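Numbering (the numbering used here), first residue to last: 14 to 63.
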């Protein structure tokens, strides 16, 4: 699975600093883990509740 986290700013000349980039990485990682957890839960439900 491939996902995209799109973050935009109104001022196109602005760039994200290292702290903001680290925060965005953390948010993306948490979102990815939530998707994996949901997939695992769905597989478990299908296995245990036919």
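Here a beta-carbon is modelled for each residue, glycine too, at the ideal position from N, C-alpha and C.
All values derive from a computational prediction rather than experimental measurement.
Exercise. Just the Cα atoms here: how many angstroms apart are residue 18 and residue 48?
Worked result: Between the alpha carbons of residue 18 and residue 48 lies a distance of about 13 Å.
Problem set entry | Candidates 29, 50, 60, of which the one nearest residue 21 by Cα | The residue with the shortest Cα to Cα distance from residue 21 is 29.
Exercise. In angstroms, rounded to a whole number, what distance separates the CA positions of residue 57 and residue 25?
Worked result: Computed Cα separation, rounded: 45 Å.
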